[in-house]
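Heads up: the structure comes next, in C-alpha cells.
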Amino acid sequence: MWHLTWRSLMTHKARLLLTSVAVILGTAFVSGTLVFTATLQRTFDSLMDAGIADISIEPNASVISWNNGAALLTEAQLTTIGRTPGVATAIGDVLVDGVQVIGSNGTPVGLTQAPSFGWAWNPTDMSGISLASGSAPAGAGEVVLDTQTASRAGLEVGSTVHLVTPAAAQTATVVGLMRYGASGNLAGATMTAFDPATARQLLLQGRSGYTSVGVTVAEGTTPDAARDRITSALADPTLRVWTRAQVVSEAQQQINQSLNFLSAFLLVFAGIALLVGSFLVLNTFSVLVAQRSRDLAMLRALGATRRQVAYSVLGEALIVGLIGGTVGLALGLLLALGIQKGFATIGMDMPYAGLTISWQAIVASYAVAVVVTVLAAWLPARRASRIKPVAALREASTAARRSLRGRTIAGTAVLVLGVVALVVAAARTPSSLALVGVGAVLVLAGGVMVSPWLVSATLAGAAHGTRGHLATAHLALENGRRNPRRTATTASALMIGLMLVSAFGVFGASSEASSDAAISRTLKADFVVSSVNGKLFAPDVAERVAAAPGVGLVSSTTVAPVLLDGAAQTITGADPSTVDQAIALEFVSGSLADVHGASLAVDDKTAADQGLKLGTTFKVTLPGSSEQMRIAAVYRSDLGASGLIGDRAELERLGWPHQDGTVFAVLKPGADAAATSSALATSLAAYPNVVARDATQQKEAMRAQVRQLLALVYAMLALAVIIALLGIVNTLALSIVERTREIGLLRAVGATRRQVRRMITWESLVIALYGSVLGATLGLLVGQAFARAMRDEGITEVAVPWGTLVVVLVLACAMGLVAAVLPARRAARLDVLASIAEA
Amino acid sequence: MPDQTTPFASDVPAVIADNLTMVYGSGEARVLALDDVSVAFEAGLFSAIMGPSGSGKSTLLHCLAGLDEPTSGRVRIAGVDVTDLGDDDLTRFRRDHVGFVFQSFNLLPMLTARDNITVALDIAGRKPDQPWLDGIIDALGIRDRLEHIPAEMSGGQQQRVACARALAGRPDVLFCDEPTGNLDSKSGAEVLDILVDAAHRLGRTVVMVTHDPSAAARADRVVFLGDGRLRDELVAPTAVTVIERMAKLEALVP
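Spelled out as C-alpha cells, the structure:
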C-alpha cells in the first residue's frame, strides 16, 4: 500500500508542492522563532560568562528595576564585608545606568531598551573588564568606552565624544577602549568608564559609596557559607547578598521570561499561518480524493479495506508533512540567520556566528508540520474511505451533492452565539476580554460553517445579475458555486487573515483616537519634553527649557519604582504647586492641595484594582529607605493620567535622585508657539535623548507607537494572507485539471484563449473578494467588541479605519488577480482536441 | 460447440442469488432495478447475463459480486452468504475469492502493467504465486508490456492486463462488466478467448454482463433479464439463438 501511496504522490507532484509550501511557510515560522529565541538566549547567557563576583552585595535590587545609583553601600559597609571571615577580597563598584554615548551622527548609541552604563574605572578580575587599548581615565575630561560602542559610534582613542550623564550633557576625550569578557558582547548595552572621582560627581550627585560590592571567597570557604556570614555581619535587610549562582539564576529567569513572551507572540502568528495553511491542505486532499474517487473505488473493489484507503490518503499527507517539516526547518534557520543579521545592524551583535539549534526546535518543526497536515487530511481521508466499491463500475462518478442544510443551520447558530458573546462582552461591566476571545472564535467557526451556503447564495445572485452580458464573469460565478464547499474553504483561508487584519485595524484606530482624545483632555501644557528611551534625564534639561524664550511655567515629574507594602509599584513624583497647569486632573475626592509630604493621590481605577481608598496607609519602600504614606486624594483615571502621584520633594528627601521623566512647559502669554518650539529645539540640542513636542506632535508620537505595533502585527499576518492566496492558486489549478474537458468544449464552441483566461481570472477575483469582504466584516465586529471591552484600559473611542480597510480589500483583490495568472495561462493553453478527447 | 469442453463444471453452483430486490430512490423517483431475482451460476462455467438497457443486468452483477447491497434477498458465493458480511469481512472475502474485469479497464494510471496486475495482492499483503502469474502473463501475451503504464498501451492490451489482474489472486469467481464494450472486434474476441479459457482450462467460474450477442454466444449459458426480472435462459447459445431470444424479450417489454 505504501508503494501505491508513493506512486500516487509522484503523479501529483506539482499540486502537492503547492500544498507543501503552505506547510513549509508555517513551519519555518515556528522553527525560525524557536531557533532565534534560543540564539538570543545564548547571547544573554554569555553576558554571565564574566563579571560576576563569587558574592555580590547590592541595595535591594528588587525595589528598583533601574540601576540609577539612588541607594548606595557605604564605605563602612565595605570595610565590614572585607573583614568578614572567609572573604578574600571585597571591592566596591559604582555602576549606574544612564550615561548615553552620542554617536557621530548625533543619535544615542545602543539599543533603546538596553542599559547604558556609566562606571567608575576599577578593572579587576571580578568586573570582567580589561583595557583593550589606550590608557585608563584620569581626570574629568577623560573616558574609556567599550569596544563595541566605540566602533558603533565611529570613535577611537583620541576622539572627542558627546555624553549625556545623569548630571548633564558634556563632552570628553576617549583615552582608551575596554573589553567586557572574552567577546566584548554587551547585547546592545553601552559602557562608559570615568575615573572614580568624576564618576562619583556625575553618577552619584557627589555622594560617596558604592552601587555594589563584589566579593572573592577565600579558599576553603563555600560561597553559601560566606554569604551567610556577610549577611549576618551587615545585619541590614535592605541589602541583597547573593552568591554567583543566585545572581545567574535570577538573571536567567528574567531573560527567559521576556524571551518566552517574545516567542509566544511570534508563535501565535505561526499558529495563524498554520491554521490558514491547514485549509489549503484540506482543500487539496479533498480535491485529490474527489478526482481519484474512481481509482479509490476500484481499489476497494479489488479488496482494499476502508482503513487501507484512508491510510493511503493519510500516508500522502504524512509525506507532505515530512517534506514540509524538513524544508520548513531549513527555511526557519535561514530566517533566524536573517533576523540575527538584522539585529546586528540595529546595534545588537550576537557574539557567536552560529545559531543555537535545539533538538526541541527540530522535533517541534516536524511535529507541527506532520500533525497539521495529517489532521487537515483527516476529513478527506474519511470521505475517501466511504467511497463505495460499486462507484468504480458506474459510468459517471456520481458524487452526490451533500446537503448544506445541517451545516448552515448549525453554523448560523454558532455565528449568532458568537455575535451575542461579542455584544455582551462589549456591553458588560466590568468588560470581559476572555468573552471577546470566545466570541471571536465562535464568529470565525460560524463563518467557516455558513460560508458554503453563503457562497452559493451570493454567487447565485451575482450570476443572475451577469447572465447575458458578462459571459466570462457569468461562467466564473457558476463555476464558483458548482462546488460551494471548495470555494468556501479556499475563501475561508483568506477570511481568517482578513478578519484578523480588520480586527487589529479597528483596535489600532480606536487606540489612536483614544490617545488623541486623552491628550486633548488631559494635556494643558503647550510642550512636553520626554525621553526617547524611557529613562530619567538630567535636571539640566528642565533648566534649559525654563530658560528658553517664550516659556512661562515649567513643571517636571519623575517616576520612582517603589515597593508598596512589599508589592512593586511606581509613584509619579510631581510638583503639586504647578502640575495642575500641565495636566488636567479631575478629582473625585480630595484635591491637589492634599498631595504633599507623605500624602498621595491615586486614580479611581488603580484604587479599585488594588483596594485603595481615601485614607488607606501603606509602607512605601524606596531604594535605601521607607516611609508610611497614605492616600489623600482620588482623581478620575484617564489614558493620559493614571497611577499614584506624590510630592517629588518628599521622594527626593527619601533619597530618590533629582532627575526628570517628563518636563511640561507652558507658553508665556502672547509668546509665539512656533518660535518657542524652535528655541526649545536649539537649547536641547545637547540632549539627543530627549525631545520636545507640542500637543499635535505629542498626539502624532503616540499614534506612531500604535502604528509601529500595528505594522508589526500586519507583517506577521501577511504570511497568513500569502498562504491563503497560494490556496487560491492551488484551488484554481486543481479545478482546471478537473475541468479540462469542459474548457476544451468551451474553446471548441468558440471561446477564445483570452476569454478562458478571463474566466479563470474572474473566478480568482470572486474568491478573493468574497473571502476578504466576509473576513473584513467579521473582523469589524470582533475589533469593535474588543475595543469597547478595553474601555477600562483607556480605549474610550471606537474608530473604524475605513481607508485602511479599503486599501486592504483592494490589495487582496489585486493579489487575487496575481493568483490567477498561472492557472489562467494553463487553462488558456489547453489543446482543444486533446482536452475533449480526454476521458 | 466442439471446443467448449467443460471439465471443471459441477452441479454445485458457485454463485447463488435468492429473491434479490433492489430499489433506488423513493416516491415518484422510485426505481425497481431488480424485482425478486433468483438465479444460480454453476462452478467452472462461463455464464453471460443479457438484457436491454435498463433491464437491471449491471445492478445484478454488482449485487452478485458483493459490491452493492441489495434492498432484500441473499447472495452466496462459494457457500458464503456475502449479504451477511460486514464491510471489512466482505472486502477481505472479495479480495480472496472474487476477480473483476471492467468495461473501461480501470487500471491505475500511475502504475506499470506489472504493478497493476499484482495490486490486489499487494493490498492484501499476499505474495504472488509466481508460476501461476507467469502462466497467466504468457497465456495473455502481455509479457513485453509489463513495464509500460496504461497510457502507453492499446485498449486491448489494457483489458488483457485487467484480465491478468483479475486472475492473479486465483479467484473462485470472475465477474466481468461489458469487458468487450470498449474494444474493437479483434481485441474483443481475444479477451473472450481469455474468459473461456479461465473457465474451461483454469476452472474459474465466470459471470459476464454484455449486450453483444456474439460475446454472449461464447458463454456456456446465457440468462436474460428484462425490467428487473429473470425472463429467459439459454444453454449452449449461438449468436443466432441469442439474437432471437433478445428480439423476443424486447418485444415483450412494453
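Chains as they are written, first to last, in this note's numbering: chain A, 4 to 842; chain B, 144 to 397.
Glycine included, C-beta positions come from ideal geometry on N, C-alpha and C.
request  = Helix, strand or coil for Met181 (chain A), going by three-state DSSP, please let me know.
outcome  = The DSSP-derived three-state label of Met181 (chain A) is strand.
message = Please give me, in chain order, every unbroken run of the alpha helix (DSSP H) with length at least 4 that falls completely inside the stretch 678-762 of chain A.
response = The qualifying runs are 698-741 and 743-751.
query = Is it right to say Gly318 (chain A) is buried, meaning 16 or more other beta carbons lie within 10 angstroms of its own, or is it exposed?
reply = Classification for Gly318 (chain A): buried.
request  = Compute the distance between the beta-carbons of Ala309 (chain B) and Phe243 (chain B), then report whether it is under 8 Å.
outcome  = Note that the C-beta distance between Ala309 (chain B) and Phe243 (chain B) is below 8 Å.
message = Spatial neighbours of Ser478 (chain B) within its chain, please: C-beta separation below 6 Å, excluding the five flanking residues on both sides.
response = Since the first residue of chain B shown is 144 and the last is 397, residue 478 (chain B) is not available in this structure.
inquiry  = Distance cutoff 8 Å, beta carbons only. Does Gly318 (chain A) sit that close to anything in chain B?
reply    = Gly318 (chain A) does not count as touching chain B.
inquiry  = Between which residues of its own chain and Leu250 (chain B) is the CB-CB distance below 7 Å, once the five residues before and five after are set aside?
reply    = Result list for Leu250 (chain B): Asn259, Pro293, Gln301, Val304 and Ala305, in chain order.
key: At least 3 beta-carbon pairs within less than 8 Å: the stretch 301-311 of chain A vs the stretch 741-759 of chain A   = Output reads no: the stretch 741-759 of chain A does not touch the stretch 301-311 of chain A.
query = His6 (chain A) touches chain B at which residues, Cβ-Cβ below 8 Å?
reply = Chain B residues near His6 (chain A): Asp258 and Asp265.
query = Is Leu254 (chain B) close to chain A, meaning its C-beta is less than 8 Å from at least one C-beta of that chain?
reply = Judged by the 8 Å Cβ criterion, Leu254 (chain B) is in contact with chain A.
query = Roughly how many angstroms lie between the CA atoms of Leu539 (chain A) and Leu189 (chain A), to the nearest whole one?
reply = Those two C-alpha atoms are separated by around 21 Å.
query = Going by DSSP, which residues form a beta bridge with His165 (chain A)?
reply = DSSP, once it has assigned bridges, lists A:Ile105 and A:Thr174 as partnering His165 (chain A).
message = Determine whether the beta carbon atoms of Gly137 (chain A) and Val146 (chain A) lie at a separation below 8 Å.
response = Note that the C-beta distance between Gly137 (chain A) and Val146 (chain A) is not below 8 Å.
request  = Please check if any C-beta of chain A sits within less than 8 Å of the C-beta of His291 (chain B).
outcome  = At a cut-off of 8 Å, the C-beta of His291 (chain B) has no neighbouring C-beta in chain A.
task = Please classify Trp124 (chain A): does DSSP put it in a helix, a strand, or coil?
result = Look at Trp124 (chain A) here: in three-state DSSP terms it is coil, with no helix or strand label.
query = Looking only at C-alpha atoms, which of A:Tyr690, A:Gly569 and A:Ile58 sits nearest to Gly95 (chain A)?
reply = Nearest C-alpha to Gly95 (chain A): A:Ile58.
ask   = In chain B, which residues lie less than 7 Å from Asp298 (chain A) when you measure between Cβ atoms?
value = Residues of chain B passing the Cβ test: Leu251.
ask   = How long is the line joining the alpha carbons of Ala117 (chain A) and Phe288 (chain A), rounded to whole angstroms?
value = If I take the Cα positions, the gap works out to 49 Å.
key: Every unbroken alpha helix (DSSP H) inside the stretch 283-338 of chain B [4 residues or more]   = Annotation note: the stretch 283-338 of chain B contains the following uninterrupted alpha helix (DSSP H) runs of length 4 or greater, listed N- to C-terminal: 298-311.
task = Using a Cβ cut-off of 8 Å (strictly closer), state whether Arg288 (chain B) contacts chain A.
result = No, because no Cβ of chain A sits closer than 8 Å to the Cβ of Arg288 (chain B).
key: Exposure label - Glu171 (chain B); buried when at least 16 CB within 10 Å   = Looking at its Cβ environment, which holds fewer than 16 other Cβ atoms inside 10 Å, Glu171 (chain B) is exposed.
ask   = What residues from chain D crowd round Asp231 (chain B), counting only those whose CB sits closer than 9 Å?
value = In summary, chain D is missing from the structure at hand, where the protein chains are A and B.
request  = Using 10 angstroms around the beta-carbon of Leu20 (chain A), count the other beta-carbons present and answer buried if the total reaches 16, otherwise exposed.
outcome  = Classification of Leu20 (chain A): exposed, given that the 10 Å Cβ count is below 16.
task = Could you tell me whether the stretch 167-181 of chain A touches the stretch 100-109 of chain A, using the rule of 3 or more Cβ pairs below 8 Å?
result = Note that the stretch 167-181 of chain A touches the stretch 100-109 of chain A; at least 3 beta-carbon pairs, one per stretch, sit closer than 8 Å.
ask   = Roughly how many angstroms separate the alpha carbons of Glu253 (chain A) and Val90 (chain A), rounded to a whole number?
value = Note on geometry: alpha-carbon atoms of Glu253 (chain A) and Val90 (chain A) lie some 23 Å from one another.
ask   = What three-state label does DSSP hand Ala362 (chain B) in the structure shown?
value = Residue state for Ala362 (chain B) is assigned as coil, using DSSP reduced to three classes.
message = The alpha helix (DSSP H) that contains Trp381 (chain A), what's its start and end?
response = Start and end: Trp381 to Ser388.
request  = State the start and end residues of the unbroken beta strand (DSSP E) segment that holds Gln572 (chain A).
outcome  = That run of the beta strand (DSSP E) goes Ala570 to Ala577.
query = From Val824 (chain A) to Leu749 (chain A), what distance separates their C-alpha atoms?
reply = In a straight line, the C-alpha of Val824 (chain A) is about 19 Å away from that of Leu749 (chain A).
key: C-beta contact flag for Met129 (chain A) and Ala56 (chain A) at 8 Å   = Pairing Met129 (chain A) with Ala56 (chain A) gives a Cβ-Cβ distance under 8 Å.
query = Would Thr234 (chain B) count as contacting chain A if we go by Cβ distances under 8 Å?
reply = Interface residue, yes.
task = Would you give the residue range spanned by the alpha helix (DSSP H) that Leu497 (chain A) belongs to?
result = For Leu497 (chain A), the enclosing alpha helix (DSSP H) covers residues Pro487 to Thr525.
inquiry  = For Pro380 (chain B), count the other beta carbons within 10 Å of its own beta carbon; 16 or more makes it buried, fewer makes it exposed. Which is it?
reply    = Result: buried.
query = With 16 other CB atoms within 10 Å as the buried threshold, where does Val378 (chain B) fall?
reply = So Val378 (chain B) counts as exposed.
query = How long is the line joining the alpha carbons of Glu333 (chain B) and Ser357 (chain B), rounded to whole angstroms?
reply = Near 13 Å, if we compare the C-alpha coordinates of Ser357 (chain B) and Glu333 (chain B).
message = Counting only C-beta atoms, is Met502 (chain A) closer than 8 Å to chain B at any point?
response = Not an interface residue.
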